[in-house]
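Here the structure is laid out as structure tokens; the discussion comes afterwards.
Protein chains in written order, with this note's numbering: chain A, 1 to 347; chain B, 1001 to 1347.
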């Protein structure tokens, strides 16, 4: 791999070896500002290599792909990430100022790949489990658990590979800014045995809610030193995962006391009927929920919708934390969301 | 993803969406027999999708890539694996008979992603650590450790993703066929701080031997419940990793007592000078090494060379296990190698 070069102005030079192609493009899969344009056409250099230097890009992680005579695929010179339902290229534009998600020379937690057999889906599943640095040394201690979900077309790998969640937590813990916690990341798709679309089931064919409540939580509580109580269990997610966190969290307050909603989760909110009607009894809700955290970037197409939901919660008197920031529907925002949410949950 | 379809005769149908391309090929990156031909030219169907059905393929894991008007890249419809120095496509042709590497409904070990800072390379490194199913429940028990290395152009992910090492061990342990052990998989490339090629350093610029002996082993022994002794430490690897296992293992018998050499490791063997001359004193070597395991597939281009080495060891009276099997320089063979080696090591 000769990864794309990034200059001091965050302009990126892509090079593609496609000797017989007639048209080569870099397609930005995020918003235009992320990579300075929706797409770039490359030109063939004297050495036969197609190339382009982009406009300045925004710091953070951006999905992109190549187009070679209409074929859309990953850039062989880049790291591949699972997103958009396939292995896709990612561009990490570094920031000298924003370092909370960069690995530092401090104690490191582990990310454990944990396999289990799911009776509900009749399939092997795997989840990723973050344990904080003290987990291996302080061998009798028990920890609260955050269940943390990815977005549509991504997988259980997203929060570690794209999100750098382990470094975010390591850094927060090294500075004493968050409670020590475990974080469990499962795949938000759990196809029923007879589902047509096994990879991305939707509606009744996606049994994720049943799997997390009836299989995953017991599996984690059995195999790790967790504090088994609703006070020490939270659920959060981004985009599709935000919707899952809201739906599953609010309808299972016997299991969860913290809910994190990152850039998603609400459409056509109705205080009488949405989320099994839990917003009808605000006093009970405020007692049951220790933390309801809602965040979104200004440039997100769903921003106004989510902001409106936040205002309705304010009007209703529902305790919650609202977080808005520069950024769109992308991982740089979700890294910030986790960074903020993790400082408040379980406290 | 709509992964390639595999029929009952192991013929694989590839489909590629490349509307404006003039030439689309599937390139087999393994030997011809793995996928039935070195490459396949696709034809454009009435629906505009290029396609081909291959000759019967051999069961196992085969690297391949697409060629689109001369551009070589991964198949967006397939799982990507790190091999050939980049994210490359892999084809897993299932076998109904050979199931030792398939996940079964038995106790599962963990694969832990373990980060550490390396003073020698002045960089963060990550290794993968397999702990057997009992590790989490039997919390005072200590385990022997196998250090297991990938091949050239691969990474610390290879043995888990391509090799399915965790399922191989889970299955062996469930049947009582192997000693319970930890397996540590690091990246065999460890660039010196001033190396020109950071991703794939070679010669003096690759400090892997220094890293494993002086940083990795102490890191693992400090953080996990290992048995800290040469009798309970082994090193094995495939191809480039076989060479590393031989060189590092034989020149550090104070650290290792077991050595696994999978499809590589020997060129121009000279009993007087090779491997720091350890083969000059066969009696000492036979006392120091508990297991020297050497395997190769018949179809491997290096087969005769390695078989010749095995015969010289026989003539010298060096205790070792020799394993030959159908197969070439590919993961299906290395899965078998680990399966066999793991049943003998630490016994």
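Even for Gly, the Cβ is constructed at its ideal location relative to N, Cα and C.
From residue i to residue j, what distance separates their C-alpha atoms?
i, j, result
"residue 1241/B", "residue 1076/B", "29 Å"
"residue 265/A", "residue 211/A", "20 Å"
"residue 59/A", "residue 95/A", "6 Å"
"residue 1013/B", "residue 1100/B", "26 Å"
"residue 289/A", "residue 1223/B", "37 Å"
"residue 1056/B", "residue 1305/B", "30 Å"
"residue 1250/B", "residue 1277/B", "9 Å"
"residue 1334/B", "residue 1072/B", "26 Å"
"residue 109/A", "residue 135/A", "8 Å"
"residue 179/A", "residue 173/A", "7 Å"
"residue 1229/B", "residue 1255/B", "7 Å"
"residue 1325/B", "residue 118/A", "36 Å"
"residue 1194/B", "residue 1184/B", "27 Å"
"residue 1120/B", "residue 1006/B", "47 Å"
"residue 34/A", "residue 1336/B", "46 Å"
"residue 61/A", "residue 53/A", "18 Å"
"residue 147/A", "residue 226/A", "12 Å"
"residue 1016/B", "residue 1207/B", "41 Å"
"residue 248/A", "residue 50/A", "48 Å"
"residue 139/A", "residue 1221/B", "16 Å"
"residue 1303/B", "residue 48/A", "39 Å"
"residue 1019/B", "residue 1046/B", "11 Å"
So is residue i in contact with chain A if we call contact Cβ pairs under 8 Å?
i, result
"residue 1168/B", "no"
"residue 1196/B", "no"
"residue 1046/B", "no"
"residue 1001/B", "yes"
"residue 1073/B", "yes"
"residue 1348/B", "No statement about residue 1348/B is possible, as the shown extent of chain B runs from 1001 to 1347 and does not include it."
"residue 1142/B", "no"
"residue 1282/B", "no"
"residue 1135/B", "no"
"residue 1020/B", "yes"
"residue 1103/B", "yes"
"residue 1034/B", "no"
"residue 1115/B", "yes"
"residue 1080/B", "yes"
Suppose the cutoff is 7 Å on Cβ atoms and the five residues either side in sequence are ignored; what does the same chain contact list for residue i look like?
i, result
"residue 32/A", "38"
"residue 152/A", "239, 240"
"residue 269/A", "309, 312"
"residue 1154/B", "1082, 1083"
"residue 1166/B", "1109, 1111, 1130, 1160"
From the beta carbon of residue i, is the nearest beta carbon of chain B less than 8 Å away?
i, result
"residue 86/A", "yes"
"residue 220/A", "no"
"residue 70/A", "yes"
"residue 112/A", "yes"
"residue 16/A", "yes"
"residue 355/A", "Since the first residue shown for chain A is 1 and the last is 347, residue 355/A is missing from the structure and cannot be characterised."
"residue 164/A", "no"
"residue 23/A", "yes"
"residue 199/A", "yes"
"residue 108/A", "yes"
"residue 124/A", "yes"
Apart from the five residues on each side of it in sequence, which residues of its chain come closer than 6 Å, Cβ to Cβ, to residue i?
i, result
"residue 1067/B", "1025, 1027"
"residue 1149/B", "1188, 1237, 1241, 1244"
"residue 1345/B", "1234, 1258, 1291"
"residue 1161/B", "1081"
"residue 157/A", "82"
"residue 310/A", "294, 322"
"residue 177/A", "343"
If I measure Cβ to Cβ from residue i and keep anything under 8 Å in the same chain, skipping five residues before and after, which residues do I get?
i, result
"residue 1317/B", "1282, 1286"
"residue 87/A", "74, 80, 81"
"residue 70/A", "23"
"residue 246/A", "259, 261, 265, 266, 275"
"residue 1191/B", "1121, 1123, 1197, 1198, 1199, 1201, 1205, 1206, 1207"
With respect to 7 Å, is the separation between the Cβ of residue i and the closest non-hydrogen atom of the ligand GDP below this value?
i, result
"residue 1290/B", "With respect to the ligand GDP, the structure offers nothing, as it holds no ligand at all."
Fill in: Contiguous beta strand (DSSP E) assignments of at least 3 residues, all confined to the region 1033 to 1079 of chain B
1039 to 1041, 1050 to 1056, 1060 to 1068, 1071 to 1073
Fill in: Length-filtered (4 minimum) alpha helix (DSSP H) runs lying within the region 1186 to 1211 of chain B
1208 to 1211
Worksheet item: In chain order, which continuous runs of the alpha helix (DSSP H) of length 4 or greater are located wholly inside the region 123 to 176 of chain A?
Response: 158 to 161, 165 to 174
Item to complete: Counting only runs of 4+ residues fully inside the region 1217 to 1272 of chain B, write out the alpha helix (DSSP H) ranges in chain order.
Response: 1217 to 1223, 1240 to 1251
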